[in-house]
Amino acid sequence: MHKKLLIPGPTEVSQEILREQTHPLIGHRSKEFSQLYAGITEKLACFFELPSDCKPTVTTASGALWFDIVGRSIVKNKALVCVNGAFSERFGDAIQACGKNADFLEVEWGKVVKPDAIAEKLETGEYDTVTVCHNESSTGARSPIHEIGKLIRRNYPDVMLAVDSVSSMAGDKILPAEIGCDVIFASTQKCFALPPGLAVALVSDRAVERAKQVPNRGAYTDLVEIFKFEEKHQTPSTPNIPMFYALNKRMDLLLEETYDKVYQRHKDMAEYTQQWAKKHFEMFPEQGFESITVSCIKNTLGKSVKELNEKLGEKGFSIGNGYGKLKEETFRIGHMGEWNTAAIKQVLALIDEIWGLN
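If you count the sequence shown from 1, you need to add 883 to reach our numbering.
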């Protein structure tokens, strides 16, 4: 039996989307591909209301590739890495692996780095880039990127802001014009409700200009090269063409639903899940900073998530356990992609039944 995924990713993919990947292949240097890609970028720009100085790009890779692109093409000398969980830490590790200096501004897992703490560090003048994980799926914490972006743009205009929105873009409020970020990126297997294989990034013109000043940008991670090919609606190397067809269809569906309704649907799912969690357990993330795409819940009753998933699997569903050092302390429910509140209610009712919750 297929188990429908309510994990933090990958998420469930519809048959309609899967069928899009069965198109006959076309050449990646053909007019047909350029037209396909141009349509995708136009739809991305429309959905995310991109200003003229911010451009979308699609790379064949996991979203984690953008850790390296930021490390190789954006960071000139030193980055300030905001760390509040596993994936924000991984961002910093990648930057250091690219040979760049990085200081980690760390808070306890489940909390978020506040703008004031960032401002205190930026006052030193040491940093040319700040990285933030918007939606830390290891802890279910949602960073205040709008406030962070406003702070940086207002007081530190030469500092680049790079945002990991791997598990929130196309679900949460992600408008670069409102955030003031220079790079924000995501993976297709999360809120886009596509298979893994592509990364979507929204990149400011000034980020590309910054990249021109950075030596040793690598090959696949060269932001200047990526956008040189963007001018022809192509990619530097052969892309995952079947996934481009799938992304094109997904953008049609997102535009049809509208940005505001997509956000509201995710918000409604999160509110229902988190009300349920507070009734029976406790939320793990700091109050007021809970994710709207994945709920990380303290397993205060000491229930066996493994046994729960075995029984849920018999009903055709699967949720997530904790991540990393939180594996035994928490469990996670993903409510992203094409899911809706009715489906969430069904799954939570099954959990109530299996665990005997009243």
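Heads up, the beta-carbon is just placed ideally off N, CA and C, and yes, glycines get one too.
Computed from a prediction, not measured in an experiment: that's the story for all the values here.
For residue i, which three-state DSSP category applies?
i, result
"residue 1167", "coil"
"residue 1153", "helix"
"residue 963", "strand"
"residue 1125", "helix"
"residue 1241", "coil"
"residue 1216", "strand"
"residue 887", "strand"
"residue 1052", "coil"
"residue 929", "helix"
"residue 1180", "strand"
"residue 1045", "strand"
"residue 1025", "strand"
"residue 954", "helix"
"residue 998", "helix"
"residue 1062", "helix"
"residue 1175", "coil"
"residue 1141", "coil"
"residue 1085", "strand"
"residue 1191", "helix"
"residue 947", "coil"
"residue 1038", "helix"
Do the CB positions of residue i and residue j come within less than 7 Å of each other?
i, j, result
"residue 1167", "residue 1023", "yes"
"residue 1070", "residue 1176", "no"
"residue 999", "residue 959", "no"
"residue 906", "residue 1146", "no"
"residue 964", "residue 1014", "yes"
"residue 1021", "residue 980", "no"
"residue 887", "residue 1200", "yes"
"residue 1126", "residue 1218", "no"
"residue 1043", "residue 957", "yes"
"residue 1017", "residue 1035", "no"
"residue 930", "residue 1138", "yes"
"residue 1213", "residue 1220", "no"
"residue 1216", "residue 889", "yes"
"residue 1072", "residue 892", "yes"
"residue 1198", "residue 1233", "yes"
Residue i: which of the options sits nearest, CA to CA?
i, options, result
"residue 1030", "1140, 1172 and 1075", "1172"
"residue 1156", "1180, 982 and 1139", "1180"
"residue 1063", "1032, 910, 986 and 1146", "1032"
"residue 1109", "1039, 953 and 978", "953"
"residue 1148", "1077, 1104 and 1056", "1056"
"residue 1121", "1217, 889 and 912", "912"
"residue 1006", "989, 976 and 1038", "1038"
"residue 921", "948, 1114, 966 and 1169", "1114"
"residue 1123", "916, 1158, 1216 and 1053", "916"
"residue 1087", "1068, 1196 and 897", "1068"
"residue 1008", "1054, 1041, 1025 and 992", "1041"
"residue 1019", "966, 914, 1054 and 1045", "966"
"residue 1150", "1025, 935, 985 and 932", "1025"
"residue 1178", "935, 899 and 1160", "1160"
"residue 1140", "933, 1053 and 1235", "1053"
"residue 934", "1170, 1061, 1100 and 1158", "1061"
To the nearest angstrom, how far is it from the Cα of residue i to the Cα of residue j?
i, j, result
"residue 1237", "residue 1083", "38 Å"
"residue 955", "residue 1239", "51 Å"
"residue 1225", "residue 1210", "28 Å"
"residue 1163", "residue 1059", "37 Å"
"residue 1065", "residue 1047", "11 Å"
"residue 894", "residue 1075", "9 Å"
"residue 1049", "residue 971", "11 Å"
"residue 908", "residue 1118", "16 Å"
"residue 1078", "residue 1184", "34 Å"
"residue 1228", "residue 1193", "19 Å"
"residue 996", "residue 962", "15 Å"
"residue 977", "residue 950", "6 Å"
"residue 982", "residue 973", "15 Å"
"residue 1189", "residue 1104", "39 Å"
"residue 1231", "residue 1202", "10 Å"
"residue 1142", "residue 902", "24 Å"
"residue 1098", "residue 944", "23 Å"
"residue 1096", "residue 1002", "25 Å"
"residue 975", "residue 1241", "43 Å"
"residue 918", "residue 1116", "7 Å"
"residue 1094", "residue 932", "24 Å"
Under 6 Å from any heavy atom of the ligand SAH, does the C-beta of residue i make it?
i, result
"residue 949", "No copy of the ligand SAH appears in this structure; indeed no ligand is present at all."
Does any residue of chain C have a CB that is nearer than 7 Å to the CB of residue i?
i, result
"residue 1108", "Of the protein chains in this structure there is only one, and it is not chain C."
Open item on the list: Three or more C-beta pairs under 8 Å: does that hold for the region 917-937 against the region 1118-1135?
Closed with: At 8 Å Cβ cutoff, the stretches touch.
TODO: Report yes or no: do three or more beta-carbon pairs, one from the region 1079-1096 and one from the region 931-949, lie closer than 8 Å?
DONE: The region 931-949 and the region 1079-1096 touch, with three or more beta-carbon pairs separated by less than 8 Å.
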